[in-house]
Structure formats: structure tokens, C-alpha cells
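**Q** I have a structure here, written as C-alpha cells, and I will follow up with some questions on it.
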Amino acid sequence: MNAFRLKSLSLRNFLTYEYESLDFVKEGMIVFIGGNGTGKTSLFNALRFVLGSNQKDQRYKSWSEFINNRGNAMSGWVEAVFEGNGESVRLRREVRRGEAPRFYVDGRRVGAEEFRETVHVKLDVNPDNPLVFVPQGRVDAIREMEPGKLREFLEELVGLTEERRSIDEGEEEFRETLREAEALREDIRTIQERVALLAPEVERWERRRQLEERLRRLEEEAVWSRIEERRERLERLVRDEADVAATMEKAYLAFKEAAEKVEEMEGEVRRAKNKVAEIDGEVAKLREEKAALSAKLKEILKEKRRTLEEVEKGKKELEKSRREMEKLNVKIQELEEERRRLAEEKGRLAERKEELARGLDRISVEKEKFRGWETDWVAARADVERAKERAETLSEREREVEKELEKLRREISECARKVVALAEEIEGYDEETLRKRRGELKEEEEKLMGRKKDVEVKLKMWEGEVSTLNEKVSSIEARIPKQVRGLEEEVKKRGMNVKGPLLKLVEVPHEYTEAVEAALGRELLSFVAFSESDFHVLNELRRKHDAWCTIYLSRGLRASAPRKIEGEGIIGWLEEVLRFPDEIGGVVRDVTWKTLLVKDYKSALALSGKYKRLRFVTLRGDVVEDRGGVLRSPYRKPRGLLAVRKLMEELEEARKNMDLLKEEYEALEERLGEVRKEVEKVERAIIVLPEWKNILNEKMRLEEEERKMREEAEKARKEAEKARKELEEANLRLADVERRKPRDYVELEEEERRMRSELEKTNRDVVRVEKEHERVMEEREKVMLRFKELEVFSESLSKSVKALMEMVAEGDREAEEAMKGIEELERRDRELLDERRRLEASVEKLLQMLGGEKERMREREERLGERRSEVDRIRSEIQAVKKEIEELEREAEKRGLTRPVRVRSLSEVKGEMAFLEEELAGLADVDEKVTKEMEELERRRNYVAKKLEELMGEMKGASEELERRKKDYMVKLTGAVENVEKAVNDLLSMVNMRCKLSVTGNYGDAGVEVKLSVKGGPMVNITSVSGGERCFFAIALIAALQKESRVPLVFLDEPSTHLDSENSDRTGRILKEVSRGRQVLVLVPDKYLEFAKYADQCYGTATKGVGGTSIVVPVKIAG
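In terms of the numbering used here, the sequence shown opens at residue 97 and continues consecutively.
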């Protein structure tokens, strides 16, 4: 059993309480004692309210009425604390005016579904269980129950209600099947009537087929008639062709003679034109020769001008060369003078150089006296130079090594930065782990995508469902099945005298919609026809649209009003609450026949015993009817045709489902985004991992290289330091040697330096003079070379000028010869033009004669063409006729037509065909559809008969199954009643009472009979004992069921009504027994103080002032 127990209950502005807070014991019976109107039932409603129940007493029409009105409060709340399993659960439900209640769990606002799950699953409490909360009147109702009602009560408590409802639904489906079978039999009768109507039309169709066959044979005979007509026409055409061919031969001979003459004249014209063309060719050739000579003359003159220009240019160049040669002569003389001056200076410098060399030799001889000191100084100086060179080399090496080391350190730092950056991406994973993680994420992504698609499909389905339900709620058209709407549209389109469906014709007050829909059901979709023809057509249209609705034929009659029935709870006959047109009154009376509208189920049951043959329907839509002496209350599932409450519930449920799916879709989208980001991250890490390893290896290599470089740098530093020390020591030794330097040696050294400096200067002057001398000689050579080139060029240019003058003379001679040739060509051209004009005049005359001959030839040719066209036309017509004959013969051969002995004329055959076609026109209104309809009717009749046979088989199986289920149900009911009897007797034995519960009757009228034995007396029917003992038995029955159900919490509201002192004491004892292991809260009036002695905790209820608010005070239990 669940360990959670009610620890406390608090109320604020709830019903009759302003504020109250109560604490409870963990186990036992808790009794509330108080007078009427002191707020006991308010506590009952408060606990049931805070546990999530939506049940309200009839006196409270809305949640706002739960708010205490005495202080003008706008809201009220109830809070309950449960403890168990080492934790506590605080439930709170708040109601505000004009709003739906709000739910809180542990201070957090939650939805109704989550709140309900916490109460039902975690706390194991169902506030709507009739064994948990037992309101006022429940005990009295059980006490007064007849066997049938008691059986229903026990069914509900032991869980057999759904099974019985399922069996009743099966019976209703069985009756529906019976009605369907009857409808199929009616279909068969209708089909047979239609077959009888179609028989004459089928005979007319057969006559039409006979006439069409005769017409076909006449069409075959007409083929042979056409063949004979074509052959006669062919013979006439052959004769006409022979006559026209003879005429055409004469015309051809005349045309041939004219053509020969024209051809002869055209030959003469061609010869003359050829001669003209030859002259034109010769003239053109002469003109080409003239043009060539003219071009040659122009070229000669042009060449002459160009040659004269070159001669003039050559003379100018020759004059220019002579002037330049004069300048070069002057330049050569100047360079010669400069060469002589430089030679003299060179000799002077050579003498000074020899003089300085002799002075140096003298100083060298004198310095031999100081050779020992000089040797020491040279050695010391050499040591300094070597040490300095070594120190500089090693310092340079040290700087290079430091630079290399700094470069390595930068590379190592960069590698370290990359390693750290990449390490953040791979998060310390190895490649195998990353690949495994990628696989897991891909698998999760696929699952999420699959789930997302499923949710999308479901979401679209629920969106469509919500849209459909919205349409049905807002429009009566949407509630009608589409097959019935299609039938209605077809009826309107055909303009039939039909009304329907019935729900559009009948006006129903809002408060009666559920009752009318429960009573009429599918009859609301019925149609009413006002003629037999429309009735038959409507029946066919119903099959076409597959609209399973009833069709009525109205006779225009309405029966008299039913008799008046009075009684408690009666509202009236069902037809009396409906408003409808008079023309369908008979149909409405038929579908509502003997149906009485009552207020509630209790009234229906009470009246059903008095009026056996009536059917009762309550405002809630419950139906009670008597079938063959068996009272039944079938369950009618709401169709939402009139009453939209069920549709609203379905719409609300659909919206909740849609909202849940949207939340799930958003959650899937969010998770899918997270997974994809992580996949990208892992894939990036997999890609990066080899790079990270390479960079890490490179970093390690660089670090090793840095270590070696540091060693090398340290070594270089030490060597450089050592070299610097050696340099300092060498400088010290050199300074010591220089301090010992002799005085005369210094003077000699100073003179030697001065002479060497002067020698170096002299050497430089010598070099300078030599270079200047070489430059002058090179320039003199260049000038001499240029002078010789100009001499050669002048001589060549003189020769060229002479040759050009000779070319000018030769050009003059050629120009004179060209002028003579041009004059000869112009004379010959004039002679040829005269000859051409004479020939053109001759051609013109010949062309005039040729035109006349061609005109005569054209006339003869036209006559020949006419004859030839006539022949061609006749031959074409012959071919066409032959082709027609061949086609007709092929058609006859293809169709297997036999030539008749006597072939009638085509007009005779067509006359007979016209007579037959006239008779066929009278049969045009009948066609093959008649036979197809007849075949369809036969097929339909066979199909309906087969379906009827299948239905009869199904009905037989369903009947047997229903009987089996009823027997199983009776066995279960008997077993459950026996278990209840044992549990009740366990409690009754405490007060010396026994009971006997037994199932009576069959399934349809099954009831539970109760017998009691009081204080060892005989077993008697419960109706024979006092009201107090019956009330006590009802309490014992509830208590036994509570004990067996193991519910953790029980709350009874005034179960002690009608109990005397002895039975109150008995009740207290059995409730005390039931409270073992659970909390039992009992509300009792203040006159039943016997309960207090059995209470583990007792409270009293009272009011402050007259009509004031309720309060609860602890009551101390005496003894």
C-alpha cells in the first residue's frame, strides 16, 4: 500500500470558510461532528476539489460559486499536504471569479494533466472513485435500490460496467445488422420491380437490333451497286480519251513546225550576239592594254620623281659628310697635343717615384738597428688582430645562435597555441572515442528525424481533425456525412419533390438536442419523398452515393395527437418539443412513435414499470425501453448531428493532443539542433585530430631542437667570452710592447709613413695619368676610324648619285615609247566600236521577227496544252474510277460480300434504306444501356443476395457470441457478488449479523437480491427489515468494498442518516475496522456522538454568529 498520508488541509475563502487549517493523524478514523449548516460538507467538497475532482453539487453551477461571498473575495483556494516515503507533496488548487481553477504542486503551477498524474500515480488517490468520496444520499440510495439497481451499483464498483456496456453495444450492433438485412431484402424487391419495368424496353432494343442488321445488309448490297455504276462510267471515259487523243496529235504537228522556225531565227540572233560579245571582248582587251600602258607610264614618271629626290638627298648627305670630316681633322690635332702633354707628366711622376723608393730603402736600412723590438711589436700586434678576429667571429656566432633560438621559441609558442586551440575542439578525446560518439550521434539524429516525421504526420492529422471538428461545431452542414451531402445535392440538381435530411427540417430547442439525437440517431439523416417515382429514383441515387440513410414516402397524412400522459419527471411526447413542416408530420410521428421525453434516468426507470410499451429518453440522452418484457437501456454513442457537447469534448481533446504534439515537435527540433551541432563539433574534432597530432609532434621536435640550440648557444657564449678575455690579454701585451718603443724608431717610422703616403699619392697620380693617356688614345682612334668611314661613305654616295642620273635618262626613253603605244590602242578601239553598233542593229531586227514567230508558236502551244489537259483529266478520272472500283472490290472481299445474282440500282437500295432508317428513328430513345442496366440489376440482385446471405451468417455467429459473452458475464457477476458477500459478512460478524447476496434473473433482467440475518435470526429479504438496518447494511457494503479496494483515504459525508443509537454504534465499529492502515474521514451530525468514541481524531464544526463563516475546533475524546 502507498505510504503517503494526508498530513494537513488548509482553506482560504472557500465555500463557508474564510480560513481554516487542519492537521490529521497518519492512520485511523477522523470524525467531524457538527450541526446542519456548520460547514461539514464544505470540508468534503474542499478535499475532493483540491485532489482535482471536477464534480460539483447541483447547488453549485460554476466554480466561482465555491468562493466565499461574505468578504467580497475575488478568489479562494484549498491546500493539502501529503507525507510519505521520506518526502512531502503539497497540492494547491485555486479558483478565481470568471476563470478556470489553477493547479499547483509544491508551489509550482502545473497543468491539469500533470496535477492529475501526481494525485493518481504518486499519491494513489482517485477523487472520482465512489469508494473514496461517499457523498450525502449515497447510503440512502443504496438502501432503496431494487435488485436491478443494486446489480448496476456493484457492477460499477467491481469493474463489470464496461463489459456489460460492451455486450449492450454488441446487441445494438446486432439489431443494426438486422435492420441492414431488412434493407437488403427491400433492395431485392426494388430490383425485381425495376426488372419488370425494363422488360418492354428490352424488346424494343431487340427490334432495333434486327432493323440495324437489315440496314447493314442493304449497305453491303449498295457496295455492289456502286461497283456497277463505276464500271459503266469507266467505259464512257475510255471512249472520250481516244477522241481527245486524235485531236491532240494534229495540234502537236502544227506546234512542232512553228518551234523549228523559231529555233532557226534564235540561232541567227545567237550568232550575231556572239559576234558582238567577241568585239566587246577585244575592246575590253585593248582597254586593258591601254590601262596597263597608262599605269606603266605613271609608274615611270613616279620613279623618275623618286630618283630625282634621292639624287638631291645624296648631294645633301655628301655635303654634310665633307663638313664633318673637316671637324674631325681639327679634333685629331687637339687629341695629339693632349697625348704629348700626358707623356711629359708621366715621365716627371716616374722620376719622383724612383726618388721616394730610394728614401724608403734608406729608412729600412736604418730601422734594422731596432729589429728585436719590432719583432715583439709585430707578434703582439698579430696576436691582437687574431684575438680580435676570433672574438668578433665568436660574437657573431653567438648572435646568430641567439637569433635562431628566438626563432625556435616563436615557432614553439605558435605550435603550443595551435595545440591548445585544437585540444579545446577535441576535448581530450581520442580518435576511436570520437568516431564512436559520431556514430551514436548519427544514430540519435536518424531516430530524431524519424520521430520528427511521425510527429509531423500526427500533427497534420490532428490539425485536420481540429479543422473538421471546428467546422462541425460551427456548421450543421459539416456534421452531415459527405455521402448524404452528395445525395442532397443530386436531389436539388434534379429538382425532385424530396425533402431532407430530416435534421435540416426539424427545429429542436437547445436543451433537448441530446435527447432528440439519442432517440432518433441516424433517422436525422433521413429523406422524405412525396411521390412513388421520386421514391424509386431516390432509392437508386442512395446506392449511387453509398449514402446509408432511410427514405420515407410521405402520404400527406398526419395522425391525431397522442394521448396525454402525466407523471413525475415527464416533459412530454418527443414530437411535441419539435417544430417541423406539416407535410412531413406523418414521417416525424413515425420516427418518434411512442417516445416520451423525461427529465432524468430515475424518472425513466420509474415510468417504465407503469408504461410497458413506451420508450423513454432523458435530457442527457439516456434511453430506456421495453423489448419483449425485458427492460433495456442501450448505449447510444453521440453522433454530433445536433448535440455538439461531445464534439466540443473531442475538439478540446484534439487541441490538447495537437498542443502536446507541437511541444514534442519543438522539443525534437531543439534536440535535433543540439545533436547536429555536436555532430559538427565531433566531425571537426575527427578532422582536426591528425592535424593536432602532427602539430604536437612538430612542437616536440622544435622543443628538442630548442634544447640542442640552447646548449649550442651556451657553448658559443662561453667561447665568445673566452675569446674576449684573450683579446683583452692580447691588447695588454701590445700596450706593454708599445711602452717599450725607442724614440729614434718613432722618428724613422714617422718619416717612413710620410714617404709611403707620398709614394702612394704619386702612384695614384701615375695611374690617373696613364688612364687619361689611354682615354686620349682611344678617343683619337675613334675619331680616325670615323674619318675613314666618312671618306668611304662620300665616295660611295658620289657613285650612287651618278647611277641615279643614268636611271632618270632611261625612264624618259621608256615614257616616250608608252605614249606611242597608247595612241595606237585608242585608234583600234574606235574601229571595233563602229563594228559593234552595226551588229546590234541587225540583232534588233531579228528579235522583232522572232517575237512574231514566238507569238504564233505560243498560240499553237496553248491549243496543244488544252488537248493534253483534257487527256490528262480523262485519264485521271479513269484512274480514280478504277481506284474506286478496286477499293469497293477490296471492301467487298474484306467484308466477305457475295455478289448477288441481280444487282439492283443504287437508288432502289437507298430507297429501302431510307424506309428502314425512318423506322429506326422511332426506336432512337432506346439503346444498349437498357440491357446494361438489366445486367447491372441482375448483378446487383446477385450481390445483394450474397451480401444478405453473408449477413445472415454473421448474425448467426454474432448471436452465438453474444450468448457466450452473456454467460461469461453472469459467471463473473456471480463470482463478484460472492466475493462482496464474504467481505460484507467479515464486517457484519463483528455486530452479530449476516447477509446473503444472490444473483437473480437472466442477463436482461439480472438483479442482486439481499437477505439479512440479525442477531442470529433467520435470513429474510432486506425489504423486511427496518430502515435503520437497511441503512446499516448499505454502510457495511460500502465499508467492505473500501476495505477490499485498499484505498489509502476514505471520506464519508453523513452516512449515519436514519440510524438509531444501536446502528450508529455498529457503524462506528465497522468504520473503525476499515480505518486500519488508512485514513477514514467521517462527517456526522451532532446527534450521533457515538462515533466519537471510535475516533482516533475528532473535530467539531460550528459557525461564527448568525449565518457567519464556518470554523473547525479540535474535540477532546473522553476516556
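All residues carry an ideal CB built from backbone N, CA and C; glycine is no exception.
Could you spell out where the beta strand (DSSP E) holding Ser104 opens and where it closes?
**A** Here the beta strand (DSSP E) through Ser104 covers Arg101 to Phe110.
**Q** According to DSSP, is Asn1117 helix, strand or coil?
**A** In this structure, Asn1117 counts as strand in the three-state DSSP scheme.
**Q** Is the separation between the beta-carbon of Leu1033 and that of Leu280 shorter than 8 Å?
**A** For Leu1033 and Leu280, no; Cβs fall outside 8 Å.
**Q** Val474 to Ser853, Cα distance in whole Å?
**A** For Val474 and Ser853, the distance between alpha carbons rounds to 21 Å.
**Q** Look at Phe1128 and Val127 and say whether their C-beta atoms are less than 8 Å apart.
**A** In this structure, Val127 does not lie closer than 8 Å to Phe1128 by Cβ.
**Q** Leu886 and Leu414 look like a contact to me (Cβ under 8 Å); what is the Cβ gap, rounded to whole Å?
**A** Incorrect: roughly 10 Å between the Cβ atoms, too far for contact.
**Q** Look up Leu693 in the DSSP assignment and say whether it is helix, strand or coil.
**A** It is a strand residue.
**Q** Need the endpoints of the beta strand (DSSP E) that Gly1112 sits in, please.
**A** Neither: Gly1112 is in no beta strand (DSSP E) and is coded neither H nor E.
**Q** Using a Cβ-Cβ cut-off of 6 Å (strictly less than) and excluding sequence neighbours within five positions of Gln232, which residues of its own chain qualify?
**A** Closer than 6 Å at Cβ, skipping near neighbours: Asp1149 and Glu1150.
**Q** For Ser1003, which three-state DSSP category applies?
**A** Looking at Ser1003 - three-state DSSP - the assignment turns out to be helix.
**Q** Output the distance between the C-alpha atoms of Leu107 and Ile1134, rounded to the nearest integer angstrom.
**A** So the alpha carbons of these two residues sit roughly 28 Å apart.
**Q** Could you have a look at Glu1105 and say whether DSSP puts it in helix, strand or coil?
**A** Residue state, collapsed to three classes: strand.
**Q** Taking a contact to mean a Cβ-Cβ separation below 8 Å, would you say Ala487 touches Ala816 in this structure?
**A** Yes.
**Q** Skipping 5 residues on each side, what residues in its chain have a beta carbon closer than 6 Å to that of Leu653?
**A** Low per-residue confidence applies at Leu653: pLDDT is 49, beneath 50, and the placement is therefore not dependable, though the value from the model is reported in the following sentence. Around Leu653: Gly682.
**Q** Can we say the region 376–392 touches the region 915–923, given the rule of at least three CB pairs closer than 8 Å?
**A** Flag = yes, the region 376–392 and the region 915–923 touch.
**Q** Is it right to say Pro1144 is buried, meaning 16 or more other beta carbons lie within 10 angstroms of its own, or is it exposed?
**A** Buried is the call here.
**Q** Tell me where the alpha helix (DSSP H) around Thr609 begins and ends.
**A** Segment Thr609 to Leu616, the alpha helix (DSSP H) holding Thr609.
**Q** Between which two residues does the beta strand (DSSP E) harbouring Glu116 extend?
**A** Taken as a continuous stretch (DSSP letters only), the beta strand (DSSP E) holding Glu116 covers Tyr113 to Asp119.
**Q** Which residue comes first and which comes last in the beta strand (DSSP E) that contains Lys1092?
**A** Counting along the chain, the beta strand (DSSP E) containing Lys1092 begins and ends at Met1089 to Thr1096.
**Q** Taking 6 Å as the limit between beta carbons, can you name the residues of its chain near Arg1174, skipping five residues before and five after?
**A** For Arg1174, where only same-chain residues beyond five positions count, the Cβ hits under 6 Å are Pro1144.
**Q** Starting from the C-beta of Met873, find all residues in its chain whose C-beta is less than 7 Å away, skip the five residues before and the five after it, and write them out in chain order.
**A** Excluding residues within five positions, the ones whose Cβ falls inside 7 Å are Arg435.
**Q** How would you label Gln1138, buried or exposed, when you count the other beta carbons within 10 angstroms and need 16 or more for buried?
**A** It counts as buried.
**Q** Going along the chain, which residues of its own chain have a beta-carbon closer than 8 Å to the beta-carbon of Val121, five neighbours each way excluded?
**A** Within the same chain, Val121 has close Cβ partners Gln1175, Asp1192 and Gln1193.
**Q** Looking at the structure shown, is Leu1177 part of a helix, part of a strand, or coil, going by DSSP?
**A** Looking at Leu1177 - three-state DSSP - the assignment turns out to be strand.
**Q** Between the alpha carbons of Asp642 and Trp301, how many angstroms are there, rounded?
**A** Going from the Cα of Asp642 to the Cα of Trp301 covers about 30 Å.
**Q** Verify whether the separation of the beta carbon atoms of Glu179 and Val146 is less than 8 Å.
**A** No.
**Q** Asp861 and Leu456 look like a contact to me (Cβ under 8 Å); what is the Cβ gap, rounded to whole Å?
**A** That pair is no contact at about 18 Å.
**Q** Using 8 Å as the cut-off, can you tell me whether the region 1100–1108 makes contact with the region 1044–1059, which would need three or more C-beta pairs spanning the two stretches below that distance?
**A** These segments do not touch.
**Q** Helix or strand or just coil, what does DSSP make of Ile666?
**A** Three-state result, Ile666: strand.
**Q** Of the residues Val1116, Ala1079 and Thr1096, which one's Cα is nearest the Cα of Ile1131?
**A** Out of Val1116, Ala1079 and Thr1096, Ala1079 has the C-alpha closest to the C-alpha of Ile1131.
**Q** Can you tell me whether DSSP reads Arg709 as helix, strand or coil?
**A** Three-state DSSP puts Arg709 in coil, outside helix and strand.
**Q** Determine the extent of the alpha helix (DSSP H) in which Val1040 is found, giving its start and end residues.
**A** Per DSSP, Val1040 belongs to the alpha helix (DSSP H) from Lys1025 to Leu1084.
**Q** When we look at the beta-carbon of Leu1177 and count the other beta-carbons within 10 Å, is it buried (16 or more) or exposed?
**A** With 16 or more other Cβ atoms within 10 Å, it is buried.
**Q** Grab me the residues of Arg1165's own chain with a C-beta within less than 7 Å of its C-beta, minus the 5 sequence neighbours each way, in chain order.
**A** Hits under 7 Å: Met1086, Val1087 and Tyr1190.
**Q** With Leu537 and Val784 assumed to form a contact (beta carbons below 8 Å), what rounded beta-carbon distance in angstroms separates them?
**A** Actually they do not touch by this definition, with Cβ atoms about 17 Å apart.
**Q** Please determine, among Val217, Trp159 and Met170, the residue with the shortest C-alpha to C-alpha distance to Phe100.
**A** Out of Val217, Trp159 and Met170, Val217 has the C-alpha closest to the C-alpha of Phe100.
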